[in-house]
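Using full-length UniProt numbering, the first residue of the sequence shown is number 1, and each one after it goes up by one.
Built from N, CA and C at the ideal position, the CB exists for glycine as well.
The structure appears below as structure tokens.
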Amino acid sequence: MKALPNACVMTYMYPTYVPVPSGPGSPSGKYGLFLYHEGWKKIDFEQHLRRLAGVPVLFIPGNGGSYKQVRSLGAESDRAYNAGPQDKAYYQQSFFTPDEAGMSNVENLWGRESWDSPDHYVNRLDWFAVDLEGEHSALDGRILEEHTEYVVQAIHRVTRCQFFFDILDQYRESLRARSGGKRGNEDALPTSVIVVGHSMGGFVARAAVVHPELRKGTVQTVVTISSPHLLPPLALQPSLGHFFSRINKAWRMGYSSPRSRSGRPRPSSEAPLSDVIVISLPGGIYDYQVRSRMASLDTIVPATNSLTVGAPEMLNAWLSTEHQTILWCNQLVVQLAHTLLNVVDRQTGQVISSPRTRLAVFIARLRSAIPQTFGWLATADLMDDKESASGRNGDRDFHVDTSLVTVLAMDGRRRWLDIQKQAVHGRSNFVLVTNFAPCLGIRVHLWHGKSKKANHNAVEVTAKMVQLPSAPAPRQAEPGGQSEQASPSGILRLSADDLEGFRYITISVAPRPTVVGRPPPAASMAVGQFIDPRDGSAFLSAWSILSSTYRSQSLHLNEKHPLVMNFSVSVGFGVLPLLMEVKTASCGISDRQQAGDSEVANLCKLRCFPPLAMLWDPYAGLQILPNLRVETIVSDSSTVLPGLKYGSQEASMVLLADPHCGYNITFKLAKSITVNRFLLTHASQIGGFMVAVLLYALSRQARAWELDTSFPSLYACLERNFMFPVPFLPLCFGPLFIYFFRTTIGGDIPPPYVQTSVMVRKVRAVPRLTTGIVATVLVFFVHPVLGLSVLLLAHTWSCHLALCSYRETRATADRPQADANSRRNGHHNGGKDDLDESSVVDTKSVALVHLESFKFFQGLLLLHFTATAMLLPSFIAWTQRPKVDRTLPWFLDSLLCFGVLLHGLYASSGGADTISSFSRFEALRSYGLSVVFAVSGLYTYWAGLCLAPYRAFYAFAAIGLITSVMRYTDKNKGDCCSLYKSKRRHFHGH
Numbered sequence: 001m002k003a004l005p006n007a008c009v010m011t012y013m014y015p016t017y018v019p020v021p022s023g024p025g026s027p028s029g030k031y032g033l034f035l036y037h038e039g040w041k042k043i044d045f046e047q048h049l050r051r052l053a054g055v056p057v058l059f060i061p062g063n064g065g066s067y068k069q070v071r072s073l074g075a076e077s078d079r080a081y082n083a084g085p086q087d088k089a090y091y092q093q094s095f096f097t098p099d100e101a102g103m104s105n106v107e108n109l110w111g112r113e114s115w116d117s118p119d120h121y122v123n124r125l126d127w128f129a130v131d132l133e134g135e136h137s138a139l140d141g142r143i144l145e146e147h148t149e150y151v152v153q154a155i156h157r158v159t160r161c162q163f164f165f166d167i168l169d170q171y172r173e174s175l176r177a178r179s180g181g182k183r184g185n186e187d188a189l190p191t192s193v194i195v196v197g198h199s200m201g202g203f204v205a206r207a208a209v210v211h212p213e214l215r216k217g218t219v220q221t222v223v224t225i226s227s228p229h230l231l232p233p234l235a236l237q238p239s240l241g242h243f244f245s246r247i248n249k250a251w252r253m254g255y256s257s258p259r260s261r262s263g264r265p266r267p268s269s270e271a272p273l274s275d276v277i278v279i280s281l282p283g284g285i286y287d288y289q290v291r292s293r294m295a296s297l298d299t300i301v302p303a304t305n306s307l308t309v310g311a312p313e314m315l316n317a318w319l320s321t322e323h324q325t326i327l328w329c330n331q332l333v334v335q336l337a338h339t340l341l342n343v344v345d346r347q348t349g350q351v352i353s354s355p356r357t358r359l360a361v362f363i364a365r366l367r368s369a370i371p372q373t374f375g376w377l378a379t380a381d382l383m384d385d386k387e388s389a390s391g392r393n394g395d396r397d398f399h400v401d402t403s404l405v406t407v408l409a410m411d412g413r414r415r416w417l418d419i420q421k422q423a424v425h426g427r428s429n430f431v432l433v434t435n436f437a438p439c440l441g442i443r444v445h446l447w448h449g450k451s452k453k454a455n456h457n458a459v460e461v462t463a464k465m466v467q468l469p470s471a472p473a474p475r476q477a478e479p480g481g482q483s484e485q486a487s488p489s490g491i492l493r494l495s496a497d498d499l500e501g502f503r504y505i506t507i508s509v510a511p512r513p514t515v516v517g518r519p520p521p522a523a524s525m526a527v528g529q530f531i532d533p534r535d536g537s538a539f540l541s542a543w544s545i546l547s548s549t550y551r552s553q554s555l556h557l558n559e560k561h562p563l564v565m566n567f568s569v570s571v572g573f574g575v576l577p578l579l580m581e582v583k584t585a586s587c588g589i590s591d592r593q594q595a596g597d598s599e600v601a602n603l604c605k606l607r608c609f610p611p612l613a614m615l616w617d618p619y620a621g622l623q624i625l626p627n628l629r630v631e632t633i634v635s636d637s638s639t640v641l642p643g644l645k646y647g648s649q650e651a652s653m654v655l656l657a658d659p660h661c662g663y664n665i666t667f668k669l670a671k672s673i674t675v676n677r678f679l680l681t682h683a684s685q686i687g688g689f690m691v692a693v694l695l696y697a698l699s700r701q702a703r704a705w706e707l708d709t710s711f712p713s714l715y716a717c718l719e720r721n722f723m724f725p726v727p728f729l730p731l732c733f734g735p736l737f738i739y740f741f742r743t744t745i746g747g748d749i750p751p752p753y754v755q756t757s758v759m760v761r762k763v764r765a766v767p768r769l770t771t772g773i774v775a776t777v778l779v780f781f782v783h784p785v786l787g788l789s790v791l792l793l794a795h796t797w798s799c800h801l802a803l804c805s806y807r808e809t810r811a812t813a814d815r816p817q818a819d820a821n822s823r824r825n826g827h828h829n830g831g832k833d834d835l836d837e838s839s840v841v842d843t844k845s846v847a848l849v850h851l852e853s854f855k856f857f858q859g860l861l862l863l864h865f866t867a868t869a870m871l872l873p874s875f876i877a878w879t880q881r882p883k884v885d886r887t888l889p890w891f892l893d894s895l896l897c898f899g900v901l902l903h904g905l906y907a908s909s910g911g912a913d914t915i916s917s918f919s920r921f922e923a924l925r926s927y928g929l930s931v932v933f934a935v936s937g938l939y940t941y942w943a944g945l946c947l948a949p950y951r952a953f954y955a956f957a958a959i960g961l962i963t964s965v966m967r968y969t970d971k972n973k974g975d976c977c978s979l980y981k982s983k984r985r986h987f988h989g990h
């Protein structure tokens, strides 16, 4: 039996990193290339490079990663090559789905390489790794592009550099060195490199494949480990989001069929990327940095060339891992190393040329067959059940007359079940769970009858058994004593179509092995039952799950219940996690009063195997929970992105429970985990929503000025907007309705040269021009955050001046009022009191002007502070790079930030009166800048729902462009003075 540990096992190694020279006379760069060697002996680097003859594999580290992270994969690959293939298991392997098979012949797709394990591996893996200086590629698009450029250079460029030796050149030089300077057999040289990337390194690998400088065919297999594909994990920088969109568009176009000159589509095999397959391995629920939906290849790579397998559903791994743990988790690393060695062709010693055969190897070696066994994934018909001759042994045979059969020992006997007698009353399916090894410990056959002729036409269905992750084997109290039942390690499910035309099922158990000097094995078991698929089914609605917050929901299973319990849930377990508890209530004990609860529980553990739960979400995949007692049922599902194939509208849970025992099942909503999952899943959407809320508040301020009413503060606008007035209801619920509807249907220049003297005079005359020049230079030539920081300082200074002016003006207004009151109490002074009162009113009006200016600048400060904060991760990654390696920012980022500068400079120059300039246009006479802010908020709201909050910069730039155009138009008309100086309005302060 295979044990399922509670956590990952550490991988140990003896690493040596051999630097790969760039070539004679090559210029020194900031990045490097290394070759991994496993072993504790000291080696000669130059001689080691001359002996290269394996299969090249390039490892690309992720965000802030090191090239030394290749050590776990390199060490386990070396051990796997020396020790040979894994022990052969006769469990059923995963098949192609109809989408993965495509229009090709299914029988020709599934080669022997995917089914039969070789006796030995024909060639080793040579692991290379690129040293990217630990740069944070997830925070800045420029760094990501530079990493892609170097990876292309390290693999094989179209434009050859005379000073640089790439990976494939190293093999050519090695062959020439082994041949004594002569040209050897170049047919044995590798022509492609397997690329394995972790985190952002996986996206760099995909970006390198579609790079125009990469030679065609040099990369045909890409394996990404916990890598984002749909969107960046921190989608705040516009250039980073644009880079992702451009690369994904290139991949979609790469698999589209080209057209001939006549306009007819050519075969799909002629597509540029038809020979490239991509394997994505998400970490699961514990990977908080890259969620499973981000690691999906859906809508990017067609199913015929891609495979997404989460760590919880990977064979021999069966557990979720953290983002960095996945690189040294021994269960996962060992399985991946053996899978990559199986991709090597046994004839040529290099990677298998057929992309469908390579994909078949990954499907068979990585993905569990459980989803296809229970019908969660469709299956293409790949193979027929094999017929075998099985003679009868009447002395060791006996018949089972019930629909339930139990095996509690390796007795070497064969049990016969009559299908016609037992498969009645809707019990058309047969299910068998066991911890016997298939073919070695147990065999299952279907028989047409008991005649001598039928014996030679028995069909063996043992190969249909699929593997389950079993918990650690229970310990025996004493040799020969009875122990607890072990967790099942395999399940066989035969549908009504499988049983049609047969009369009997036989279950043959091997005899018990005898080993001298060792205790006998722990308790073995096998439980089979004819079941009705409709029995044992339950539906959990969202309302019942939510109501369990106050009152736990319970379900009681009596003895002789169905072996398989199927629970359908209306929402994914990632949206509403459950806290589930399964307690053994009975196990056939007649007198329960004399035996205590603890004794009954111990006796039931000796008779019944521990329950096991299997969770399936169409998007998060499979997760298995053995030894289920008290467990939180949660998956990595979430609301689907617009345009993706799967969502989380419905999930399934299958509970395997021993029919000999009764159980009490209770579940309730896990509130704290629900809140954590909501924040993790919708963090990007919350960010976009916050920006939209701020824009809506500015829209209300602008509308108040247009209506000549009291100018509200930003906080007052936020409070009024959250009261959901009628005009804002469509803006709030409209995008939500569209978003969930699409989810349900499954459908996403530098300034001119100026002389120094002239510039100094202008700076002294117009201080705001200084802010614009300095900020623009920083935005385009240093980093956008620095330029926006200058704008924030200007807004802060404006707020400070407005408050100081308001305080001084208010104090000036209070002194005449006090003097007037004192004179009024003393004696009357004619018309002087009336003059003082009018001056007080004018002074208070001026004070209100300063107060409204403060409110206006406060809104600008918060809006532009939000834009600056969104680019802070990129700025942090920029500052961590050496000064010599810092490059100019991306033009897209600088251009959008320049639009933010235009909004800040033009709006602040006119104060709150800037809003009134829009009322001069006929189209915006009734609704001015408030419409612009409202539309921008709506666009940002939708961008946040699509997990693309970086698109808020497009709204910021549009506001800045519109503001600058309107100000420039007013200035040319000569209305600037009257607009900003002579315009008077009624103030509603009291």
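*If you drop the 5 nearest sequence neighbours on each side, which residues of the same chain put their C-beta closer than 6 Å to that of arginine 124?*
Excluding sequence neighbours, arginine 124 sits near Gly54, Tyr81.
*DSSP puts residue 997 in a beta bridge; with which residues?*
Here the chain has residues from 1 to 990 only, and residue 997 is not among them.
*asked:* Cutting at 7 Å between CB atoms, please list the residues of its own chain near serine 789, excluding the five before and the five after it.
replied: Thr868
*Under three-state DSSP, which class holds phenylalanine 34?*
strand
*Mind checking who lysine 583 pairs with in its DSSP beta bridge?*
Asn664
_In whole angstroms, give me the CA-to-CA distance for arginine 677 and valine 575._
7 Å
*How big is the Cα-Cα spacing for valine 18 and tyrosine 36?*
Between valine 18 and tyrosine 36, the C-alpha separation is close to 6 Å.
*Return the CA-CA distance between phenylalanine 711 and valine 846, expressed in angstroms with no decimal places.*
14 Å
*Where do the ends of the alpha helix (DSSP H) carrying proline 238 lie?*
Proline 238 -> alpha helix (DSSP H) spans 238 to 254.
*Pull up the DSSP beta-bridge partners for glutamine 467, would you.*
Gly490
*Own chain, CB closer than 6 Å to glutamate 135, minus 5 neighbours either side, in chain order*: Ile143
*Would the beta-carbon of isoleucine 531 fall within 9 Å of that of proline 562?*
Closer than 9 Å, so yes.
*Same chain only: Cβ atoms within 8 Å of leucine 901, ignoring 5 sequence neighbours per side*: Gly772, Ala775, Thr776, Val779, Gly787, Leu788, Leu791, Gly960
*Just checking my contact of phenylalanine 953 with leucine 896 at CB under 8 Å: how many whole Å lie between their CB atoms?*
Right, their Cβ atoms sit about 4 Å apart.
*asked:* Here's the rule I'm using: 16 or more other beta-carbon atoms within 10 Å means buried, otherwise exposed. How should methionine 253 be labelled?
replied: Under a 10 Å Cβ-count criterion, methionine 253 is classified as exposed, with fewer than 16 other Cβ atoms of the shown protein chains found around its own Cβ.
*Below 7 Å CB to CB, which residues in the same chain sit around aspartate 658 once its five sequence neighbours on both sides are set aside?*
Correct list, in chain order: Val527, Cys608, Phe609.
*Which full runs of the alpha helix (DSSP H) of 4+ residues lie inside the stretch 48 to 124, going along the chain?*
Segments of the alpha helix (DSSP H) lying fully in the stretch 48 to 124: 71 to 83, 98 to 101, 106 to 109, 112 to 115.
*Which residue or residues does DSSP assign as beta-bridge partners of proline 438?*
The partner list for proline 438 (beta bridge, DSSP) reads Ile442.
_Where serine 635 falls: helix, strand or coil (DSSP)_ = coil
_Separation of serine 227 from serine 354, as counted between CA atoms_ = 25 Å
*Using 10 angstroms around the beta-carbon of histidine 338, count the other beta-carbons present and answer buried if the total reaches 16, otherwise exposed.*
buried
*What did DSSP end up calling histidine 561 once you bin it into helix, strand or coil?*
coil
*Kindly indicate which three-state DSSP category valine 136 falls into: helix, strand or coil?*
Sequence check: residue 136 is histidine here, not valine. Coil, per DSSP.
*With a cut-off of 8 Å on the beta carbons, I'd call lysine 855 and leucine 714 a contact; round off their distance for me.*
7 Å
*By Cβ distance, which residues of its chain are closer than 7 Å to glutamine 422, with the 5 residues on each side in sequence left out?*
Ser403, Phe530
*Pull up the CB-CB distance for glycine 490 and methionine 465, whole angstroms please, since I reckon it's below 8 Å.*
A Cβ-Cβ distance of about 5 Å is found for the pair glycine 490 and methionine 465, placing them in contact under the 8 Å criterion.
*Taking Cβ to Cβ, would you say phenylalanine 689 is nearer than 9 Å to tyrosine 941?*
Yes, the Cβ-Cβ distance between phenylalanine 689 and tyrosine 941 is below 9 Å.
*Should the stretch 275 to 287 be regarded as contacting the stretch 306 to 316, the criterion being three or more beta carbon pairs within less than 8 Å?*
yes
*asked:* Could you pull the DSSP bridge partners for alanine 538 from this structure?
replied: Phe567
*Alpha carbon to alpha carbon, what distance is there between glutamate 100 and proline 642?*
Since pLDDT at proline 642 reaches only 46, below the 50 mark, its modelled position is unreliable, and no value is offered.
*Three-way DSSP call (helix, strand, coil) for valine 196 in this model*: strand
*Mind the definition here: the stretch 222 to 237 touches the stretch 284 to 298 only if three or more C-beta pairs lie below 8 Å; say whether that holds.*
yes
_I'd like to check one pair, valine 222 with alanine 250: are the Cβ atoms closer than 9 Å?_
no
*Leaving out five residues on either side along the sequence, give the residues of the same chain with a beta carbon under 7 Å from the beta carbon of leucine 861.*
The beta carbon of leucine 861 sits closer than 7 Å to the beta carbons of Leu792, His795, Thr796, Cys799 from its chain, once the five residues preceding and following it are set aside; these are given in chain order.
_Contact defined as beta carbons within less than 8 Å: I believe residue 1040 pairs with serine 586. What is the distance between those atoms, to the nearest angstrom?_
Missing from the structure shown is residue 1040; the chain here goes from 1 to 990 and no further.
*Tell me whether methionine 10 is buried or exposed, calling it buried when 16 or more other Cβ atoms sit within 10 Å of its Cβ.*
exposed
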